[in-house]
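If you want our numbering, it's the 1-based position in the sequence shown plus 19. Yeah, the Cβ is synthetic: ideal placement off N, Cα and C, and Gly gets one too. Just so it is clear, the structure is predicted and the values come from calculations on it, not from any experiment.
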Amino acid sequence: MAQPMNFDGKVAVITGAGGGVGRQYALELAARGAQVVVNDLGGATDGTGGSETAAAQVVAEIEKAGGVAVPNFDSVATLEGGQRIVDTAIERFGGCDILIANAGILRDKSFAKLSPEDLQAVLDVHLMGSFSTAQPAFRQMKEAGGGKIILTTSSSGLFGNFGQTNYSAAKMGIWGLMRTLSIEGARSNIQVNCIAPAAATRLTGGESETGSTSPRSVMPLVLAAVHESCSITGETFMAGYNWYTRCFMAQAPGWAAAENAEVSPEDVAAHWDQIRATDGFREIDHALVSMEPLKEFRKE
Ligand SMILES: NC(=O)c1ccc[n+]([C@@H]2O[C@H](COP(=O)([O-])OP(=O)(O)OC[C@H]3O[C@@H](n4cnc5c(N)ncnc54)[C@H](O)[C@@H]3O)[C@@H](O)[C@H]2O)c1
C-alpha cells in the first residue's frame, strides 16, 4: 500500500471552490491537513450576481469535519481581486504553497451572435482570473522557495467545441500561460500544470454527487499533482469519469525544401500530404525545440 498523501502544514488557495470540482479539491485537501482558502463569488453560471453562501458553506463543511479553512468572496476577474485572494492566505495562514485556479463561467453563443460583453466576461473570469491569482501566488512561492500551481483548461479549448469561441480562446490562453509559467517556474522550484476536468456539475448542466461522473472523480489527479512528492511540470491532464489521461502539443516532421530554393505556393500545395502527415510526431516542450526537426532535413 502506498503511503497516504499528507498536506499537513501546506496552505492551499482554491478559486471557485464553493461548488463543483473546486469544492472537491477544497474538502479533500483540508481532510488531508492543508489550510485552505475557499474562494467563491457565488454568482450564477453566467457570472452574474454574487453571494457569500457557497464559499461559507464549504468552509462550514470543512470545519465540521475538523479541518481548517477560511472563506473569500472576491472575484478573480480583476488583478485587485486576485491579489486579495492570495493575501487572505498569506495573512491568515502565513503563505501560499498551492494555488488551484478553477473559477469559471459560461456564456455560450455561436460566433456570429457573440456579443462583446459575452466575450469580455468569459476572458475576465478564466484568463484574467488565472493571471490575477497566479501572479501573486507565484511571487509568494518564489520567495518561499517553491510551490504548485494548477490552472484549469478545458477540452473545448484544447480541441474546440461549437458555440464556445470565447471560452475556448480563454481556456487555450490559460494553456499558453501554463506552458511559459512552467518554464519560468523551473528556476524557483514552482511546478505549473493544467487540468481539463470532465464532470457533471452545474456548469455542465447536471450536478451529480456520486458515481464516476461526479466532480469527485477529477480530484485525485489534481491532489497527486500538487503534492510535494510530484515533480511533473508543464503538462496537461484530462480527469473525470474515473479516467486520467495526458494531452500534449506535438509537431509533425513536415516537409522542407532545399535551403536555397524559392518555395512557391504551388510547391506547398504539391506537398500538403507530407506537411500534414503526423507520423513521427514529437512532443515539443519549448519554443526553441520546435526548430529542431529542420536539422534532420539539412543533414540529408
Ligand atoms: N465540469 C466540467 O466537465 C468541466 C469541463 C471543462 C472545464 N471545466 C472547468 O472547471 C472549472 C470548474 O467548473 P465546475 O464544472 O466545477 O463548475 P461550477 O459552476 O460548479 O464551479 C465554478 C465556480 O466558480 C465560481 N466563480 C465564477 N466566477 C467567479 C469569479 N469571478 N470569482 C470567483 N469565483 C467565481 C462559481 O461561483 C462556481 O462556484 C471551470 O474553470 C470550468 O470551466 C469544467
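Near ligand 1: residue i beta-carbon under 7 Å from a heavy atom
i, result
"P216", "yes"
"S174", "yes"
"S94", "yes"
"T220", "yes"
"H305", "no"
"A122", "yes"
"P284", "no"
"P234", "yes"
"D298", "no"
"D137", "no"
"L60", "yes"
"G68", "no"
"A73", "yes"
"H145", "yes"
Alpha-carbon to alpha-carbon, residue j and residue i
i, j, result
"L118", "I251", "15 Å"
"L313", "S283", "19 Å"
"G39", "F267", "25 Å"
"D93", "V105", "10 Å"
"A277", "D143", "46 Å"
"M310", "E247", "34 Å"
"G224", "E285", "48 Å"
"C249", "T172", "20 Å"
"A36", "S174", "20 Å"
"L125", "A205", "33 Å"
"A217", "E302", "24 Å"
"N25", "A50", "9 Å"
"P272", "V287", "15 Å"
"G101", "D292", "47 Å"
"E80", "L46", "8 Å"
"V237", "E228", "12 Å"
"Q43", "F316", "50 Å"
"T220", "E71", "19 Å"
"A258", "G230", "14 Å"
Option nearest residue i by Cα separation, candidates the options
i, options, result
"A73", "Q159, S173, N185 and A122", "A122"
"D127", "M191, T64 and G148", "T64"
"G114", "A45, R158 and N91", "R158"
"G165", "K190, H145, I209 and Q139", "I209"
"L98", "S149, V89 and V141", "S149"
"A156", "Q43, S129, K190 and E110", "E110"
"A120", "R221, G85 and V211", "V211"
"G86", "E226, G28 and K318", "G28"
"A215", "N185, T184 and Y260", "Y260"
"V241", "I33, L177 and N185", "I33"
"A140", "A84, K83, T67 and G176", "T67"
6 Å CB neighbourhood of residue i in its chain, flanking five on each side removed
i, result
"V30", "Q54, A108, F112, G114, C115 and D116"
"L320", "There is simply no residue 320 to check, as the chain begins at 20 and stops at 319 in what is shown."
"I90", "Note on residue identity: the sequence assigns Pro, not Ile, to residue 90. V57, A74, A75 and V78, listed in sequence order."
"T297", "A271"
"S129", "G182"
Proximal residues to residue i (C-beta, below 8 Å), its chain only, five neighbours per side dropped
i, result
"C213", "I169, L170, T171, T172, I193, W194, M197, E254, T255 and F256"
Closer than 7 Å: residue i CB and nearest ligand 3 heavy atom
i, result
"G195", "With respect to small molecules bound, the structure shown includes ligand 1 and not ligand 3."
Residues near residue i in its chain [Cβ-Cβ closer than 7 Å; skip 5 each side]
i, result
"W274", "H290, Q293 and I294"
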